[in-house]
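One structure below.
Protein chains: 2
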Amino acid sequence: MVYLSLCIHNHQPAGNFDFVLKDAYKQSYWPFLKILSRYPSIKLTLHNSGYLLDWIAKNRPEYIELLGKMVARGQVEVLGGGFYEPILPVIPDEDRLGQIGLMSERIELMLGKKPRGMWLAERVWEPTLPTTLKAAGIEYIIVDDHHFIKSGVSPEKLCGYYLTEDRGNVVKVFPGSELLRYLIPFRTVDEFEGELKKISDNDDVSGIIYGDDGEKFGVWPGTYKLVFEDGWLESFFERISSLDWIKTLTLSEYVEAEEPQGRVYLPTTSYMEMGEWSLPREASEAYSELNKAMENEEGGELVRRFLQGGTWRNFFSKYSESNWMHKRMLQVSSRISALRAKATAVENLAEAEEALYRSQANDAYWHGVFGGLYLPHLRTEVYRSIIEAETLIGTQPLGSAIKIEEADLDADGYDEVVLRSAELSLFVSPRNGGGLFELDYLPAGLNLCNTLTRWEEAYHSRVEELCKEGTDDGDGTKSIHDLVSAKEEGLEEHLIVDSCRRAAFKDHFLSINENLDDFSRNVHSTLSDFHTSPYNVEKAKKGLLLEREGSVAGAAVKVAKSIEGVGGHSFKVDYAVECSGGSKEQEAPGSVLFGIEMNLILPCCDGPACFYNIEPTELGSLEVGLGSKGAIDGVERVRLVDEHTGIVISIDLDRAVSLWRYPIYTVSLSESGFEKIYQGSCLLFLFPFELKSAVKEELSMLVRVEKFEGE
Amino acid sequence: MVYLSLCIHNHQPAGNFDFVLKDAYKQSYWPFLKILSRYPSIKLTLHNSGYLLDWIAKNRPEYIELLGKMVARGQVEVLGGGFYEPILPVIPDEDRLGQIGLMSERIELMLGKKPRGMWLAERVWEPTLPTTLKAAGIEYIIVDDHHFIKSGVSPEKLCGYYLTEDRGNVVKVFPGSELLRYLIPFRTVDEFEGELKKISDNDDVSGIIYGDDGEKFGVWPGTYKLVFEDGWLESFFERISSLDWIKTLTLSEYVEAEEPQGRVYLPTTSYMEMGEWSLPREASEAYSELNKAMENEEGGELVRRFLQGGTWRNFFSKYSESNWMHKRMLQVSSRISALRAKATAVENLAEAEEALYRSQANDAYWHGVFGGLYLPHLRTEVYRSIIEAETLIGTQPLGSAIKIEEADLDADGYDEVVLRSAELSLFVSPRNGGGLFELDYLPAGLNLCNTLTRWEEAYHSRVEELCKEGTDDGDGTKSIHDLVSAKEEGLEEHLIVDSCRRAAFKDHFLSINENLDDFSRNVHSTLSDFHTSPYNVEKAKKGLLLEREGSVAGAAVKVAKSIEGVGGHSFKVDYAVECSGGSKEQEAPGSVLFGIEMNLILPCCDGPACFYNIEPTELGSLEVGLGSKGAIDGVERVRLVDEHTGIVISIDLDRAVSLWRYPIYTVSLSESGFEKIYQGSCLLFLFPFELKSAVKEELSMLVRVEKFEGE
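Just so you know, the protein sequences line up as chains A and B, in that order.
Using the numbering used here, the letters of the first sequence correspond one by one to residues 3 to 713.
Using the numbering used here, the letters of the second sequence correspond one by one to residues 3 to 713.
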């Protein structure tokens with residue numbers, strides 16, 4: 003006889019498109035539950051993440067009704083978790099408890115039973131979690147057997163559950179079986195039975211745990227046909243209920259029925275693949291190759307047993323944008339924490355907390371085989387939630403006042419400066435080219451600088467290979483074929499890597515012969531390092547002065563830019579570029595181009611609703627899509643318009659300049675293959691600059707953000 | 003030009019023998035500092051752990067005087083740390099801050115400068131440490147480059163320092179070079195120069211960090227001759243000061259001189275070897291073999307880059323005694339924490355805190371290549387400190403009162419019971435055979451049950467091989483030869499593995515033909531599982547009743563033992579063993595032996611001062627060493643005497659029984675080879691028992707602990 007605990011985890015990220023949720027519900031969540039309900043003898047443990055659960059409760063009450071019945075009759079145990087599926091170890095202790103508490107309450111309210119166990123988001127484990135879990139009233143969780151293997155647990159002992167603890171706080175941990183994850187639902191029910199029979203025959207193993215994503219049943223490509231149309235799930239349940247040597251148990255029944263296998267201490271790890279994804283590019287590639295080689299090599303299992311990749315926190319090092327969102331979230335969290343500590347009740351605090359928790363939803367903070375960080379709508383939801391929380395707790399000044407804050411927000415060891423008006427927040431990093439890294443427009447809850455840098459990915463070399471192969475079938479494995487079939491035409495054109503994080507007001511000196519195409523592909527030659535170097539910063543009453551003296555092709559040049567007049571929904575940026583003479587050793591190139599780079603994104607991205615309005619041009623005003631690329635001279639005004647949402651960014655200049663524009667496309671991995679994603683538009687305002695002593699050029703820009711009636 | 007930061011870490015565990023400290027001072031700490039003082043241009047960063055620093059200040063003031071001068075002239079930077087070198091991640095946050103704060107204050111008081119950086123004990127890293135370090139005012143630490151490699155940092159980037167953070171709290175981390183650890187001081191100064199030249203020629207590397215144990219300079223076998231007599235250290239310093247392309251910097255100078263290399267997130271790891279030591283035995287052996295194989299294999303470096311062993315916390319799973327000490331320490335910590343939170347000042351709190359901190363000294367909690375957990379005097383110091391702290395905060399009841407506590411102290415998911423009188427604390431685990439796992443005698447600060455179980459070690463197979471080889475030289479490597487030379491005669495006789503943790507009042511049923519020798523070697527056949535199974539527990543007003551019904555060779559037997567009369571320095575244990583009849587299917591063996599096992603240890607172990615006094619015997623009273631083995635019948639009284647400290651344990655029985663006794667020796671690794679260590683003496687009180695219905699046998703024991711005037 004063998005115990006079998008089946009755990010299903012259904013999840014949709016906060017901010018995901020409504021149609022995606024509808025489809026997933028119809029193709030997976032609902033048919034799965036309905037079929038299960040016809041086999042009352044099969045016990046199952048179920049987790050729906052908070053955002054999804056709310057959506058279901060609001061839009062598909064029949065699901066909650068049926069689930070409630072199944073819970074009441076003891077067939078289904080519902081697991082808790084962090085409400086918005088945060089990576090628990092990287093959020094503050096208070097928020098960990100808040101998220102788990104919110105979820106537990108919601109489940110008790112909906113289904114009449116408080117959860118005893120929880121699903122750990124992305125199974126990201128850190129050793130201090132037991133203290134959190136104990137405090138949150140959680141008795142047990144499920145992770146992967148991978149975690150246990152990395153603690154040195156012998157392969158034959160990956161069954162039942164173990165005890166672990168931190169500072170004496172005990173929690174029970176189930177190792178989810180990798181074997182079962184590969185069998186269910188991708189192999190036949192006969193094969194499943196065969197493997198389970200082997201386990202059952204092993205006297206040392208009393209029970210085995212299956213924990214996996216519910217989307218594997220209907221949402222993943224090809225699985226709807228397999229699982230439902232071809233009847234895999236029914237056969238599976240049919241078989242289990244017919245075999246008297248398999249006994250299904252919910253996790254709570256399991257801990258009542260059996261003693262722990264022993265005591266274990268898990269390292270900082272998640273499932274195997276996360277280790278690969280979180281490593282820096284070079285290491286990720288090396289690790290992935292090694293893993294693959296060892297899969298096929300004799301004795302490779304002995305090596306793989308001790309291989310480990312990176313830890314989840316590494317994403318903060320890998321992607322500046324992930325780090326930035328995380329630290330912005332922490333800033334809000336610490337403000338909310340201070341308000342919680344106040345003796346008197348604070349208005350809107352519960353709403354602000356929920357917005358904060360929503361901003362902690364893990365999906366937008368990392369990238370593996372799903373889009374994650376690469377999906378602008380997920381990042382947008384994070385910023386929307388952060389801004390909502392800030393608005394609720396009154397972070398902005400009132401009226402025409404301006405607030406200036408200085409702190410090391412992104413934990414890079416250097417201070418950033420924040421300028422806040424009633425409707426705008428500007429986040430400037432003097433350290434990194436004096437750039438504007440976040441431009442929040444509060445009435446719309448938008449960060450208009452939410453453009454992702456074109457990072458190098460370990461898998462880009464594979465894209466290149468695939469593109470070279472063309473339609474040739476070759477002898478690639480099935481998974482590569484899948485990816486080939488999904489790739490867009492000309493993807494290799496977009497395999498461009500940026501040298502530094504994208505922002506607004508990054509300053510460039512380019513050769514007079516430089517061209518847009520090279521610049522857009524980041525293969526131009528730079529004459530200076532202003533765009534990546536530290537600027538001195540001086541706070542003024544109404545703004546900020548950023549200055550840097552540097553060398554441009556041997557000449558001493560000073561760039562000063564002031565950000566002033568932040569008020570209501572606009573601000574002014576004044577540039578002064580000054581040369582104090584060339585060095586004697588080098589021949590200065592005479593005339594160069596000075597360029598101000600801005601990267602901006604609107605809610606509807608490069609869709610038909612979004613366009614540039616540029617004026618004047620030779621032919622009057624020009625209207626052209628945000629996905630377009632081109633160079634125009636004599637520009638004094640450019641507007642970025644999102645007709646659908648009514649958001650307009652206007653940039654007015656006090657002198658005519660050249661404008662280069664091009665869209666930022668990234669190439670990233672999704673579950674259905676490689677894809678190109680629009681991340682924003684780059685604008686480069688250019689004017690010639692003489693590298694001669696006492697030359698000084700000035701330019702003033704007025705940036706205005708407005709919201710008109712959208713469609 | 004290349005920066006070189008030299009960091010030296012001097013450490014002696016709390017509770018180490020005075021002569022060891024004297025020797026280490028004379029052979030290493032003092033000559034090192036004196037020689038360094040003659041090269042004022044060589045900057046160095048130095049850490050003396052708190053216990054050692056206190057000893058030096060008290061016993062060798064000339065060291066502090068010289069060090070003070072060197073600090074004042076900027077030659078030496080002194081690092082802080084946890085005062086008693088605790089493994090920071092496994093002690094409560096408050097204690098982390100307390101330990102670091104105590105150390106910083108002590109250093110400031112002695113040397114006039116508060117440390118900015120610290121040494122991380124055993125380089126055991128966990129991701130939440132930056133929050134602790136920031137709160138403790140620590141700006142930077144040094145770990146191994148191993149930590150960085152495991153984060154995916156490319157080998158060529160293991161230089162300078164990095165930023166890391168937890169919840170926005172930033173700390174700088176230096177990667178200590180493995181290469182330098184192998185060069186210094188074991189290779190020639192020329193070789194060192196050659197390797198450093200290569201590093202200096204690499205444009206990407208601006209500086210390299212050396213961090214290592216000071217004991218490598220004079221204390222480790224053979225190094226006094228090499229480093230001092232043969233003049234290695236002088237040549238080394240001479241060479242460094244003569245080369246203009248090497249610039250030594252203290253760590254604080256380093257962080258001023260250079261920007262960070264980047265951002266990094268380190269996993270739960272320590273140096274490479276710790277990963278091997280902390281794994282469970284089977285995995286440890288497999289990991290160690292794999293590592294060795296990859297050292298010699300072509301391309302093995304590509305594999306080793308991603309190999310990881312266990313984490314430090316695993317020692318709690320590997321050694322029950324380590325876990326027990328840790329959880330006992332946590333119990334005291336949480337009591338002290340509660341007192342800290344009190345509004346009114348608590349008497350003795352600072353002293354109790356320091357005793358608590360002393361109990362957190364890492365050395366006794368684990369085992370690698372040094373004795374560590376295997377050294378009774380280090381464990382004794384932990385218990386002494388715990389008992390001291392408990393005494394200071396008044397944990398014991400007054401007069402003849404008795405306090406009974408029930409809680410899951412060891413975090414195994416089941417409650418233990420504590421009986422406290424004015425002079426004794428008894429820690430009973432109903433779960434584990436109803437055994438007594440700790441018997442504290444408070445007037446002497448001793449845990450008399452501090453006997454280490456004979457655990458299986460991965461290296462035991464090597465001992466066996468070595469013993470088989472005998473004096474044959476074979477083709478072993480140098481290190482194996484070293485070990486052979488250090489081994490004692492007949493070590494293989496002691497490679498015995500126990501089946502469960504040693505304690506007192508563990509109950510056995512043995513065959514009437516069983517013999518002491520088999521029992522002592524744990525190869526006897528057991529007729530029951532009473533010694534490892536759960537006992538029901540009932541608390542009485544003055545004690546505890548433990549009961550278990552089980553099966554002995556097919557017969558139903560109940561064992562009841564009550565622990566009562568705990569008061570002053572004695573307690574009584576009453577046994578009742580009852581048979582309610584044999585099963586019909588099996589032939590009961592008729593008569594068996596019932597045995598009560600006790601494991602006890604006295605401060606002077608099996609030394610000449612310690613002996614048994616057993617009476618009566620045929621020849622009157624018998625006096626024989628605690629290291630002796632033997633069986634005697636008709637015993638009614640046994641005393642364990644430590645003449646040196648005056649501690650006497652008396653056990654009086656109300657009937658004559660047989661007494662088997664044998665010493666517990668473990669075989670463990672130390673820096674000079676394998677060694678046999680006495681861990682206590684096992685006493686087994688035996689009487690025959692008939693497996694027949696309605697048979698009931700009783701026995702009453704009075705245990706008394708006293709302290710007379712010692713020598």
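Even for Gly, the Cβ is constructed at its ideal location relative to N, Cα and C.
Please read these numbers as outputs of a predicted model, since none were measured by experiment.
Cβ pair residue i, residue j closer than 7 angstroms
i: residue 254 (chain A); j: residue 211 (chain A); result: no
i: residue 164 (chain A); j: residue 263 (chain A); result: yes
i: residue 668 (chain A); j: residue 454 (chain A); result: yes
i: residue 78 (chain A); j: residue 55 (chain A); result: no
i: residue 714 (chain A); j: residue 52 (chain A); result: This structure does not reach residue 714 (chain A), given that chain A is present from 3 up to 713, and the question cannot be answered.
i: residue 81 (chain B); j: residue 117 (chain B); result: yes
i: residue 154 (chain A); j: residue 282 (chain B); result: yes
i: residue 267 (chain A); j: residue 315 (chain B); result: yes
i: residue 458 (chain B); j: residue 451 (chain B); result: no
i: residue 243 (chain A); j: residue 44 (chain A); result: yes
Burial state of residue i, where buried means 16 or more other Cβ atoms lie within 10 Å
i: residue 202 (chain A); result: buried
i: residue 490 (chain A); result: exposed
i: residue 127 (chain B); result: buried
i: residue 537 (chain B); result: buried
i: residue 433 (chain A); result: buried
i: residue 400 (chain B); result: exposed
i: residue 485 (chain B); result: Since pLDDT at residue 485 (chain B) reaches only 47, below the 50 mark, its modelled position is unreliable, and no value is offered.
i: residue 642 (chain A); result: buried
i: residue 247 (chain A); result: exposed
i: residue 577 (chain A); result: buried
Under the three-state DSSP convention, the category residue i falls into
i: residue 3 (chain B); result: coil
i: residue 631 (chain B); result: coil
i: residue 70 (chain B); result: helix
i: residue 581 (chain A); result: strand
i: residue 502 (chain A); result: coil
i: residue 230 (chain A); result: helix
i: residue 263 (chain A); result: coil
i: residue 474 (chain B); result: Since pLDDT at residue 474 (chain B) reaches only 47, below the 50 mark, its modelled position is unreliable, and no value is offered.
i: residue 535 (chain B); result: coil
i: residue 507 (chain B); result: coil
i: residue 134 (chain A); result: helix
i: residue 384 (chain A); result: helix
i: residue 544 (chain B); result: coil
i: residue 28 (chain B); result: helix
i: residue 762 (chain A); result: Because chain A here runs from 3 to 713, residue 762 (chain A) falls outside it and cannot be looked at.
i: residue 612 (chain A); result: strand
Anticipated Cβ contact below 8 angstroms, residue i with residue j, distance rounded
i: residue 187 (chain B); j: residue 111 (chain B); result: At roughly 32 angstroms, the Cβ-Cβ gap does not stay under 8 angstroms, so residue 187 (chain B) and residue 111 (chain B) are not in contact.
Check: residue i C-beta below 6 angstroms from any heavy atom of the ligand SAM
i: residue 324 (chain B); result: Inclusion of the ligand SAM in the displayed structure is not the case, the ligand content being empty and no account of it being possible.
### Those runs of the beta strand (DSSP E) which lie wholly inside the region 77-114 of chain B and span at least 3 residues
Taken in chain order, the complete beta strand (DSSP E) segments of 3 residues or longer contained in the region 77-114 of chain B are 78-80.
### Ranges of the beta strand (DSSP E) found wholly within the region 401-439 of chain A, counting only runs of at least 3
405-409, 418-422, 426-431
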